[in-house]
Each structure stands twice: as C-alpha cells, then as structure tokens.
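Undergrad: Quick note on my numbering: the sequence shown kicks off at 2 and runs consecutively.
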Amino acid sequence: MPHISALLRRGAAVAVALGTLTVPLVAAPAPAPAAFAAPSPAPSPAPSPSGSSGVREMTPALARQLDAVVQHVMREADVPGVTVGIRTPGQRDYVRSFGVANKATGQKMSRDLYMRIGSETKTFTVTAVLQLVDEGRVGLDDPIGRYVDGVPGGDRITLRDLAGMRSGLFNYSEDPGFFKALTSDPQRSFTPRQLLGYAFRHPAMFRPGEKFSYSNTNLILLGLLVEKESGQRLGDYLEEHVLKPAGMRHTLFPTGNEFPTPHAQGYTDQTADGKVAETADWNPSWGWAAGAMISNLDDLHTWARTVATGVFPDGRAMVGPAVQKQRLTTPATGIRGAGYGLGIFDVQGWIGHNGSLPGYESLTVYLPSTRTTVVVLLNTDIGYQGDIEPSTLFGEAVTRIISPAHVFDLPAPASATR
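1. Considering only their Cβ atoms, is the gap separating I295 from L222 smaller than 8 Å?
2. Hey, how far is the Cα of P193 from the Cα of V277?
3. Can you say whether Q188 is buried or exposed, counting buried as having 16 or more other CB atoms within 10 angstroms of its CB?
4. Rank R112, S174, V375 and G335 by C-alpha distance to the C-alpha of H302 and give the top, closest one.
5. Roughly how many whole angstroms lie between the Cα atoms of V160 and K245?
6. The alpha helix (DSSP H) that contains N217, what's its start and end?
7. Any idea which residues DSSP pairs T373 with across the strands?
8. Let me confirm a value: D113 is counted as buried when at least 16 other C-beta atoms fall within 10 Å, else exposed. Which label applies?
9. Quick test of the definition: if touching needs 3 or more C-beta pairs under 8 Å, does the stretch 298-316 touch the stretch 366-385?
10. Given a threshold of 16 other Cβ atoms within 10 Å of its Cβ, counted over all protein chains shown, does F409 qualify as buried or as exposed?
11. By the three-class DSSP mapping on this structure, what secondary structure does Y148 have?
12. Rounded to a whole number of angstroms, what is the C-alpha to C-alpha distance between S111 and L368?
13. Under 8 Å by Cβ, that's how I've got M116 and H251 pegged, so tell me the actual separation to the nearest angstrom.
14. Taking 8 Å as the threshold (C-beta atoms), are T393 and G267 in contact?
15. Based on the DSSP output, what are the partners of N355 in its beta bridges?
16. Determine the contact status of S174 and N217, defining contact as a CB-CB distance below 8 Å.
17. Leaving out five residues on either side along the sequence, give the residues of the same chain with a beta carbon under 6 Å from the beta carbon of D270.
18. So, does the stretch 253-264 touch the stretch 320-339, judging by three or more C-beta pairs under 8 Å?
19. Under 8 Å between the Cβ atoms of A273 and T184?
20. Could you give the C-beta distance for V431 and V85, rounded to a whole number, given that I count them as a contact under 8 Å?
21. If you reduce the DSSP assignment to three classes, tell me which class S404 lands in.
22. Indicate the three-state DSSP secondary structure (helix, strand or coil) for G342 in the structure shown.
23. Could you tell me whether the Cβ atoms of L239 and A205 are closer together than 8 Å?
24. Among the candidates Q327, E58 and V101, whose CA atom is the shortest distance from the CA of R76?
25. Judging by CA-CA distance, which residue of L411, A305, E228 and F191 is the nearest neighbour of V130?
26. Determine the DSSP secondary structure at P32, reduced to helix, strand or coil.
27. Could you check what DSSP says for V24 in three-state terms: helix, strand or coil?
28. Between the Cα of A64 and the Cα atoms of E279, D176 and S98, which residue gives the shortest distance?
29. Write down the C-beta distance between G232 and L343 rounded to the nearest angstrom, noting that I regard them as a contact closer than 8 Å.
30. Based on Cα-Cα distance, which residue from I402, A291, E362 and V152 lies nearest to E390?
31. Since I believe L358 is in contact with G292 (beta carbons under 8 Å), could you give me their beta-carbon distance rounded to a whole number of angstroms?
32. Whole angstroms are fine: how far does the CA of T60 sit from the CA of V24?
33. Kindly indicate which three-state DSSP category H251 falls into: helix, strand or coil?
34. Starting from A333, follow the beta strand (DSSP E) in both directions and report where the run begins and ends.
35. In chain order, which beta strand (DSSP E) runs of at least 3 residues are fully inside the stretch 48-130?
36. Tell me which same chain residues have a C-beta within less than 7 Å of the C-beta of D135, skipping the five on either side of it?
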C-alpha cells in the first residue's frame, strides 16, 4: 500500500500504485527517476553461475555483497531499520537486519519483529474470495451488487474487476475528507462502510474492465463480500481458512491498533503538518481488507510460496489449480515489466505483492523457476526523492545481485502520476 502520502502525497505513481494505501492529496511531485540507480558506486553482480534464468549461489562472498548493497540503500534512502531475507531450496539462507527498530530506545532491528504489512493484506483478502469461488458460493464474474448494496455501477462491476484493480471505482484513500479525518486523529477507528462513503461521493473514473487503476476501495468491497458469504468476520475467516492451515502463527488481522511485541516503531512524514511522526500506535482500521494486517519475516517467507502456488506447506490446496491459474493471469498495467492479476503482481518474473502504510513498508515475492523467496521489511514509508517506495529500492538492489535476469524494478513514469 503506498504512502498515506502514497496514502497522502505521492500520487498514483506506478511504483506506489501496485502496492500501497494511498491518499495523494497534494500536487503530484516531479516525475521520479525511472528506477533506483545507486548514486555512488555500488557492488556490481558477477555473472550468474546458475544460468541467466536462475539465482546466484548464496556464497559467503555473495552474502557480503548483499550486506554492502543493503546498507548502501539504507544510507541513501535514510531508512532507520531493515530486515532482508532470501531463501532458495538447496542453498544457504540470507537473513540480515540492519539499523534500529526504535530511534528513541536504540532497539536493534531484528528478524523476529512484528511489522505492519500494508497492501500485502490484499493477497489474503483475495485468497478468501478465491476459496469461496472454489466452493461455488460466488463467481468471479458475478456483479458485486449481488452481494453488497449501494455500490455505484454495482450491477456491472464484477468480483474479477475488483480483485484485478479494474473496477473504475475511486480510491477512498485519495479523498481530501478522508485525509483530514485520518491525520487529525490517527488512532480513530473507521468502519468499512465509512471508507466506502469517501469513495462513492466521487464518480467512476472509467467503465469496469476498461483499464488498470489501483484502488483500495475494491478490497473493502471484497472484504464485505467474504463476511457476507462466509458468515464470519474477515479476520476470523482468514485465521481459520488461511493462516492456521499455512502454519502462520505470527500473522494477524487486528481489530484496532493492537500490535504484538516485539515490534518496530514506524516513521512517516504522512502527517497533517508534514513532520515525521511515530506510527506504531496508529489504528490501521482505515486499511481494513486492503491493508491492516501484521506479520513477520518467517511467516512472509511461508506466504510468498503459498500465495504464488496456491498450495499450503503440507501439500493441501489452498486454492484449486483452475482458480489459481486465473489469479496468476496478470494482464499489463501500463507499467513496464509489471502485470497485475487477482490481488497479486508479476514484476519481471517475481510474483507477489508489496505493502506500505504510514511508518512501514514490505515486499514479499517468489521466483517460480528457482522457488526463491525474497522478503523485505522496513520501518519507514518516507519516499526516496519524494516518490519512490523504499521497499522498491531494496527489492531492485537485491535482485540485481541475486537474479540479474529478473530484476524487481517498478518505475514511476510521469504518465502514472496524477
């Protein structure tokens, strides 16, 4: 989920648009560079010994190279703390934490910390929808108006349109009234219907299915659908049908601003006065089915493969193969090298999602050819050069080294801003 800036400030730059809760309320900044290029000399990857389509062997030398480039990005983007995990079956794991989790106390960043994961929540909500599709309780081409009342154009917008970010509905987190309400009291609680109210006061941006446009509104509607058809609260459904079967004991859907310990403090400049604030006690209810969840490094490694394959770690199907195939059909988004399917993206072969909300960013991706998972967790969402997601910087820097043929690169072209 992008910034409140991305929520609030950064506009719908594509690097933002694929994975953030956003409220771009001020004038869009000048176009950011197409991709992060290390401003000072950074380590250059050696040729990949495993072939152009694979990942490089995790040798001690490669690990040192990754250490150097991660710390380089940290300094350049002024990131307080970051944890990076890379796992490939048959190779050594790479897990490193750098910097501080809390500036005031000096608490070190570490792999066991709980972190807010923002828009990665979308992958869980859409999984719930796809499970209902598997059971024949809903259809991807059903109109959302069949299940949720009061949706403008709800007789024409399908569940597929919503999950694929092609509904045309206005993104509630871009509404000025929402921004004011959130930043005036970051601990307040929002209901799903209140969030939809901010969206529905705006006309549709285009006809359903016409084009890609990232909107958190879509996921609020899908969350309400899951609750209606399952008879459970969304968090309870996910716990029973997704998290427990996946063995993800450190992932949760909070009901308020609760945050298990140990966790990192978050730092954002998406505030009413633009000053940097701490955000660990902010209430993520405004993100709900689009971005409220909490997880940690090990659980996200599990999720990276589970969501990309549709198979739980014990071999049972989480989502049936036919429906999973539809999830992974990722039409073009207008962003070079990036497609978006049903609540999941494919960026240069890396399948997964990113997340951003005030104070926190994350990236969880999977490379099918080598079954490699990459997870990045950091405790700031303050954009690099104003408009580039910090998580994207780490994702690009790391994949340039480990998988030169598959570089995670989300450019932010001028055409993607507004």
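A virtual CB, placed ideally from N, CA and C, is assigned to each residue, including glycine.
Keep in mind the model is a prediction, meaning the values are calculated, not measured.
TA: Considering the structure as presented:
1. no
2. 28 Å
3. exposed
4. V375
5. Note that residue 160 corresponds to Leu in the displayed sequence, not to Val. Whole-angstrom Cα-Cα distance: 25 Å.
6. N217 to S231
7. L368
8. exposed
9. yes
10. buried
11. coil
12. 25 Å
13. Actually they are not in contact, since the Cβ atoms of M116 and H251 sit about 10 Å apart, beyond 8 Å.
14. no
15. L364
16. yes
17. V277 and I383
18. no
19. yes
20. Look at the range of the chain in this structure, 2 to 419, and you will see that residue 431 is not part of it.
21. coil
22. coil
23. no
24. V101
25. E228
26. Unreliable positioning characterises P32 in this predicted model, as indicated by a pLDDT of 28, which lies under 50. A coordinate reading is not provided.
27. With a pLDDT of 34 at V24, under the threshold of 50, the predicted position of this residue should be treated as unreliable, though the coordinate-derived value follows. Correct three-state label for V24: coil.
28. S98
29. Contact flag wrong, Cβ pair sits at about 23 Å.
30. E362
31. 5 Å
32. Interpretation of V24 is limited by its pLDDT of 34, a score under 50 that renders its predicted location unreliable; no figure is taken from the coordinates.
33. coil
34. A333 to I336
35. 82-88 and 95-100
36. V320, G321 and V324
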